[in-house]
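Note sheet for the following structure.
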Amino acid sequence: MKRSRTEPPAHNGVHGVRGIPLPGIDPQTARVLRQFRQIFSAVRAHFQNVERAAGIGGAQVWALGIIRDRPGIGVKELSLAMDVHQSTASNLVKALAEQGLVAVTRGQSDRRTVRLDLLAAGRAILRKSPGPYSGVLLGALLALDGRALSRLEKDLARLIESLGADGRAAGIPLAQILVKAAPAPAAKRSMSQ
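Residues in the sequence shown are numbered from 14 upward in steps of one, following our numbering.
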């Protein structure tokens with residue numbers, strides 16, 4: 014039976030990480046919720062570490078790594094390598110070029126095509142950056158066997174549908190989503206307060 018929004022939820026014996034009762038949440042749901050928190054926290058922490066070490070965003074570092082490994086790559090190929098929308102890759106390239114990290118060379122016959130090459134400053138950024146450049150989640154997914162990945166894909170598709178999530182977000186690098194969404198660290202309070 015579904016409870017109404019006005020009646021208080023019944024306590025079911027499930028407690029959160031701080032021992033506070035979680036009314037209306039079954040133990041399995043509470044465990045899965047905590048797993049999502051752990052995943053988001055690990056991914057966000059990795060990209061924050063990258064940003065602190067490199068001085069640029071995680072998605073930019075990932076793009077630099079791809080450009081280093083594939084000299085002369087174009088924007089379309091970069092977008093495919095990162096599995097992001099071409100406009101997202103184009104914006105990343107523009108920012109990297111403006112910072113003097115990559116060289117953008119226009120094609121002779123077709124000025125719309127570009128060749129991307131890593132500059133010395135870009136190499137220096139990569140030397141400072143903790144890996145993996147693509148982020149820890151992609152590495153973890155690649156480590157799953159095919160059956161586990163298929164199950165996860167089906168289950169996440171159902172969850173995404175249930176959330177009514179915006180499909181456009183699938184084309185945005187996680188580094189841009191999670192680090193921007195991260196709350197600013199709370200200022201340390203003095204001992205006298």
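Positions of the beta carbon are idealized from the N, C-alpha and C atoms, including for glycine.
Just so we're clear, the structure is a prediction, and the values are computed from it rather than from any experiment.
Cα atoms of H98 and V115: separation of roughly 20 angstroms, rounded to the nearest angstrom. Beta-bridge partners assigned by DSSP to R47: none are found. Note on G180: under 16 other CB atoms within 10 angstroms of its CB, so exposed under the neighbour-count rule. The beta carbon of R128 sits closer than 6 angstroms to those of G85 and T118, all from its chain and outside the five residues before and after it, given in chain order.
The residue among A58, Q41, P40 and I80 with its C-alpha nearest the C-alpha of I190 is A58. If you draw a straight line from the Cα of S163 to the Cα of I52, it is about 18 angstroms long. For the pair of segments examined, the stretch 58–71 was found to touch the stretch 146–153: the number of CB pairs separated by less than 8 angstroms reaches three.
Here I79 carries a helix assignment [DSSP, helix/strand/coil].
Classified as buried, P186 has 16 or more neighbouring CB atoms from the shown chains inside 10 Å of its CB. For the stretch 54–124, the continuous beta strand (DSSP E) assignments of 3+ residues that do not extend past its boundaries occur at 115–119, in sequence order. Inclusion of L91 and L131 in the CB contact set at 8 angstroms is not warranted, their separation being larger than that value.
Pairing Q41 with R125, the inter-Cα distance amounts to about 53 angstroms. According to DSSP, residue pairing for D130 in a beta bridge involves A116.
Beyond the five residues adjoining it in sequence on each side, G135 comes within less than 6 angstroms, by CB distance, of L77, L114 and V115 in the same chain, given in chain order. The shortest C-alpha to C-alpha distance from G184 to any of G87, A72 and L169 is the one to A72. The closest CA to that of Q112, considering only G87, D39, R171 and G70, is found on G70. Contact between A188 and I138 does not hold, since the beta-carbon distance rounds to 14 angstroms and is not under 8 angstroms.
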